[in-house]
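Following: one structure in structure tokens, then a few remarks.
Protein chains in written order, with the numbering used here: chain B, 19 to 324; chain P, 4 to 307.
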């Protein structure tokens with residue numbers, strides 16, 4: 019990787035390409051820095067290649083035989099071999115890991131959004147003693163390293179017989195997603211107009227009904243942003259399942275199962291199968307991202323900027 | 004009405020608070036308590052030992068080594084990642100050839116670049132770590148065979164197996180997977196800067212480098228600072244990359260980091276009490292770091 023080499027030519031490198039005499043004639047400047055444009059495009063293309071080539075390399079390797087992977091890593095496969103894909107999907111249990119991940123993430127995403135929205139709604143729109151305290155209790159959770167809590171958490175789960183269970187993982191995922199979700203949605207609920215909710219209350223709707231039928235639909239853009247954020251975080255979670263879900267091999271989640279698969283390959287040596295597994299794990303998120311890239315990008319940046 | 008209101012509030016808060024309390028708050032509090040005990044994690048018996056764990060920490064060479072690696076990451080990782088992120092974002096938003104009606108514009112295809120650069124960010128860190136584990140493979144990995152192809156085959160570094168290189172390889176992977184996020188984050192910030200600022204600067208004859216340092220960077224400072232804190236917290240972690248890519252602390256402990264050290268102490272060495280003390284040390288480092296960034300980064304807020 020040439021990553022370390024690049025920062026040195028980062029901020030000041032454009033300078034030599036824009037010599038002082040340019041400035042004199044360059045006010046209108048349609049042509050400012052033809053050289054500069056070549057340079058900047060060059061750098062941008064190089065980083066684009068650095069991002070995509072490793073991914074393409076993995077895809078290509080998934081279509082090769084093991085021999086080809088070792089003898090000519092960068093050449094195209096001679097005759098595309100789909101065997102690795104079916105080996106990874108069925109024999110290497112990728113299909114099960116996939117399903118496990120879907121079950122856990124579906125449950126925890128639903129729970130996170132519902133409970134997070136409930137707490138945020140109450141904190142944003144009702145005045146009651148302890149409101150600030152509860153808010154900061156939630157928000158404070160964003161700034162602590164998860165790994166510090168991991169050892170006691172393991173034993174909390176063990177005592178409640180939640181270790182190595184899906185519902186246990188779901189509860190933990192929800193708990194660790196709440197800080198950001200509550201923080202983000204509290205801010206969002208504050209910005210919503212109060213008049214609609216008041217009208218609903220005057221018409222005789224209960225608080226609960228107002229929340230589900232009026233406020234939640236109005237909060238849709240905020241829910242989508244934070245929902246995408248949580249989906250990516252929970253789908254890609256590695257540390258929590260690696261510690262709390264180690265009982266049964268078949269119960270592993272996708273990232274975990276993939277790592278276990280890689281470790282076992284040292285003895286089996288099915289490299290193309292492993293690459294196929296890697297690509298199977300990569301494709302759904304990349305596909306979802308390409309379809310929803312606008313929402314993903316705005317969701318994640320909104321999260322960081324708040 | 005009042006009565007109904009409080010019942011409603013309680014009803015909406017009790018489940019989220021209970022889950023949060025049991026799985027987040029109580030483990031954090033317990034962690035601090037356990038750090039003063041000699042708990043093994045294996046049996047339920049343990050004794051209070053006061054500051055003994057912390058004393059041991061002080062004399063533990065491996066702890067200092069891991070901390071040193073984390074501090075190095077803390078310095079290098081944000082600098083490189085945010086630097087590249089700023090540079091790319093500037094290119095994509097301001098660095099382009101000027102068009103007729105706009106004072107500033109991104110280079111051609113900037114939307115496409117933003118999508119592609121973000122790819123690594125949506126991938127699981129487990130996938131990224133595995134991918135690079137293979138790519139770094141000294142014999143058949145993508146990187147060394149690329150070196151072969153361009154005629155540098157004689158180098159053939161043993162990337163992850165070389166104690167002098169391993170930590171840099173880990174750093175590179177963390178940079179690789181995070182730059183895209185900052186490109187998008189900084190792009191969002193840059194597009195909020197009013198265009199007249201750039202117009203005025205251009206009329207005064209500023210070139211792109213000057214515009215960057217005089218206009219873009221100062222107005223973006225808050226975002227950069229947020230990014231710095233985020234990236235710093237990332238640098239203090241590194242667990243997944245080290246565990247998956249290195250299968251352990253690396254040759255000669257060259258990629259040992261605090262989080263991985265904590266994990267092995269707790270879950271393989273049966274020293275849960277000592278591990279929690281490590282966690283408290285990590286927490287302190289995190290807070291000191293965030294405090295320093297906030298203090299050093301404080302500048303007069305620019306309103307626009």
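Quick reminder that beta carbons are idealized off the backbone N, C-alpha and C, glycines included.
Please read all numbers here as calculations on a predicted model, not as lab measurements.
Problem set entry | Contacts around residue 56/B, its chain only, beta-carbon distance under 8 Å, and the 5 residues preceding and following it disregarded | In the first chain, residue 56/B corresponds to position 38, counting from 1. So the list is empty, once near-sequence residues are dropped.
Problem set entry | Residue range of the unbroken alpha helix (DSSP H) whose run includes residue 127/P | What you label residue 127/P is simply residue 124 of the second chain in a count that begins at 1. From DSSP, residue 127/P is part of no alpha helix (DSSP H); its letter is neither H nor E.
For this session: Report the residues of the segment 52 to 71 of chain B with a CB closer than 8 Å to any CB of chain P, ordered along the chain.
Result: Cβ contacts with chain P: 54, 55, 58, 59, 61, 62, 65, 66, 68, 69, 70 and 71.
Exercise. Assuming residue 283/P contacts residue 201/P under a Cβ cut-off of 8 Å, what Cβ separation, rounded to an integer in Å, is found between them?
Worked result: Taking the first residue of the second chain as position 1, residue 283/P is located at position 280. Taking the first residue of the second chain as position 1, residue 201/P is located at position 198. The Cβ separation is near 48 Å, so there is no contact.
For this session: Could you name the residues of the segment 13 to 39 of chain P whose beta carbon sits closer than 8 Å to any beta carbon of chain B, in the order they occur along the chain?
Result: If the cut-off is 8 Å between Cβ atoms, the segment 13 to 39 of chain P has 14, 15, 16, 18, 19, 20, 22, 23, 25, 26, 27, 28, 29, 30, 31, 33, 34 and 37 near chain B.
Problem set entry | Proximity below 8 Å, CB of residue 263/P to CB of residue 281/P | For the purposes of this step, residue 263/P is taken as residue 260 along the second chain, with counting starting at 1. For the purposes of this step, residue 281/P is taken as residue 278 along the second chain, with counting starting at 1. It is not a contact, given that the beta carbons lie outside the stated cut-off.
For this session: May I ask you to report which of helix, strand or coil DSSP gives residue 315/B?
Result: Counted from its first residue, the first chain places residue 315/B at position 297. In the structure shown, residue 315/B sits in a helix (DSSP, three-state: H, G or I).
For this session: Only counting runs of 4 or more residues, tell me where the alpha helix (DSSP H) segments fall wholly within the segment 185 to 230 of chain P, in order along the chain.
Result: Correct list: 198 to 206 and 211 to 214.
Exercise. In this structure, does DSSP put residue 98/P in helix, strand or coil?
Worked result: If you number the second chain from 1, residue 98/P lands on position 95. In the structure shown, residue 98/P falls within a strand segment according to DSSP collapsed to helix, strand and coil.
Exercise. Who are the Cβ neighbours of residue 199/B in its own chain at under 6 Å, not counting the five residues just before and after it?
Worked result: The residue you call residue 199/B lines up with position 181 of the first chain. 130, 134 and 244.
Problem set entry | Burial state of residue 94/P (16 or more Cβ within 10 Å) | Within the second chain, residue 94/P is the residue found at index 91, counting from 1. It counts as buried.
Exercise. To which residues of the same chain is residue 254/B closer than 7 Å at the C-beta, ignoring the five residues directly before and after it?
Worked result: What you label residue 254/B is simply residue 236 of the first chain in a count that begins at 1. Once the five neighbours on either side are set aside, the close Cβ partners of residue 254/B are 273.
For this session: Would you mind giving the Cβ-Cβ distance between residue 243/P and residue 257/B, rounded to the nearest angstrom? I have them listed as a contact below 8 Å.
Result: As a first step, residue 243/P is located in the second chain; it is residue number 240 there, counting from the start. As a first step, residue 257/B is located in the first chain; it is residue number 239 there, counting from the start. Between residue 257/B and residue 243/P the Cβ distance is about 6 Å, and since that is below 8 Å, they are a contact.
Problem set entry | Boundaries (first-last residue) of the alpha helix (DSSP H) holding residue 240/B | The residue given as residue 240/B occupies position 222 in the first chain. Residues 238 to 253.
Exercise. Buried or exposed: which applies to residue 177/B, given that a residue is buried once 16 or more other Cβ atoms fall within 10 Å of its Cβ?
Worked result: By 1-based counting over the first chain, the position of residue 177/B is 159. Flag for residue 177/B reads exposed.
Exercise. If you measure from the beta carbon of residue 55/P to each beta carbon in chain B, is any gap under 8 Å?
Worked result: Start at 1 with the first residue of the second chain, and residue 55/P comes out as number 52. No, its Cβ sits nowhere closer than 8 Å to a Cβ of chain B.
For this session: For the alpha helix (DSSP H) containing residue 140/P, list its first residue and its last residue.
Result: Counting from one through the second chain, the residue named residue 140/P turns up at place 137. Here residue 140/P belongs to no alpha helix (DSSP H), and DSSP marks it neither H nor E.
For this session: Using a Cβ cut-off of 8 Å, pull out every chain P residue sitting near residue 181/B, in sequence order please.
Result: As a first step, residue 181/B is located in the first chain; it is residue number 163 there, counting from the start. Within 8 Å of the CB of residue 181/B, no CB atom of chain P is found; the nearest one sits about 12 Å away.
For this session: Measure from the C-beta of residue 44/P to each C-beta in chain B and report whether the shortest distance is under 8 Å.
Result: For this step, residue 44/P is matched to residue 41 along the second chain. It does: the Cβ of residue 44/P has a partner Cβ on chain B nearer than 8 Å.
Exercise. So is residue 87/B in contact with chain P if we call contact Cβ pairs under 8 Å?
Worked result: Locating residue 87/B in the first chain gives position 69, counting from the first residue. Judged by the 8 Å Cβ criterion, residue 87/B is in contact with chain P.
Exercise. Helix, strand or coil: which one does DSSP assign to residue 40/P?
Worked result: Start at 1 with the first residue of the second chain, and residue 40/P comes out as number 37. In this structure, residue 40/P counts as strand in the three-state DSSP scheme.
For this session: Sort out for me which residues DSSP pairs residue 108/P with in a bridge.
Result: For the purposes of this step, residue 108/P is identified with residue 105 of the second chain, where counting begins at 1. Residue 108/P pairs with 98/P.
For this session: Can you check DSSP and say which residues form a bridge with residue 51/P?
Result: Locating residue 51/P in the second chain gives position 48, where the first residue counts as 1. Residue 51/P is bridged to 40/P.
For this session: Would you kindly check if the distance between the Cβ of residue 69/B and the Cβ of residue 83/P is under 8 Å?
Result: As a working mapping, residue 83/P is identified with position 80 in the second chain. As a working mapping, residue 69/B is identified with position 51 in the first chain. Not closer than 8 Å, so no.
Exercise. Does the beta-carbon of residue 51/P have 16 or more other beta-carbons within 10 angstroms, so that it is buried, or is it exposed?
Worked result: Taking the first residue of the second chain as 1, we reach residue 51/P at position 48. Exposed, since its Cβ has fewer than 16 Cβ neighbours within 10 Å.
Exercise. Are residue 209/B and residue 219/B touching if we call contact CB-CB under 8 Å?
Worked result: Position 191 of the first chain, counted from the start, is the residue given in the question as residue 209/B. Position 201 of the first chain, counted from the start, is the residue given in the question as residue 219/B. Not closer than 8 Å, so no.
For this session: Give a yes or no on whether the minimum CB-CB distance between residue 8/P and chain B is below 8 Å.
Result: By one-based count along the second chain, residue 8/P stands at place 5. Taking a beta-carbon distance threshold of 8 Å, residue 8/P counts as an interface residue toward chain B.
For this session: Indicate whether at least one CB of chain B lies closer than 8 Å to the CB of residue 66/P.
Result: In the second chain, the residue the question calls residue 66/P occupies position 63. Not one chain B Cβ lies under 8 Å of residue 66/P.
For this session: Output, in chain order, the set of chain P residues within a Cβ distance shorter than 8 Å of residue 194/B.
Result: Working through the first chain from its first residue, we reach residue 194/B at position 176. In chain order: 26 and 27.
Exercise. Comparing the CB of residue 77/B with every heavy atom of the ligand FMN, is any distance shorter than 7 Å?
Worked result: Looking at this structure, you won't find the ligand FMN or any other ligand, since it has none at all.
Exercise. Between the segment 181 to 196 of chain P and chain B, which residues of the former have CB atoms less than 8 Å from a CB of the latter, in chain order?
Worked result: For the segment 181 to 196 of chain P, which is checked against every Cβ of chain B, the residues closer than 8 Å are 182, 183, 184, 187, 188, 191 and 192.
For this session: Please confirm if residue 277/P has its CB atom under 8 Å from at least one CB of chain B.
Result: Position 274 of the second chain holds residue 277/P. So no, residue 277/P is outside the interface.
For this session: Starting from residue 227/B, trace the alpha helix (DSSP H) both ways and give me its first and last residue.
Result: Stepping through the first chain from its first residue, residue 227/B is reached at position 209. From DSSP, the alpha helix (DSSP H) with residue 227/B extends over 225 to 228.
Exercise. Does the segment 65 to 81 of chain P come close enough to the segment 256 to 276 of chain P that 3 or more CB-CB pairs lie under 8 Å?
Worked result: Output reads yes: the segment 65 to 81 of chain P touches the segment 256 to 276 of chain P.
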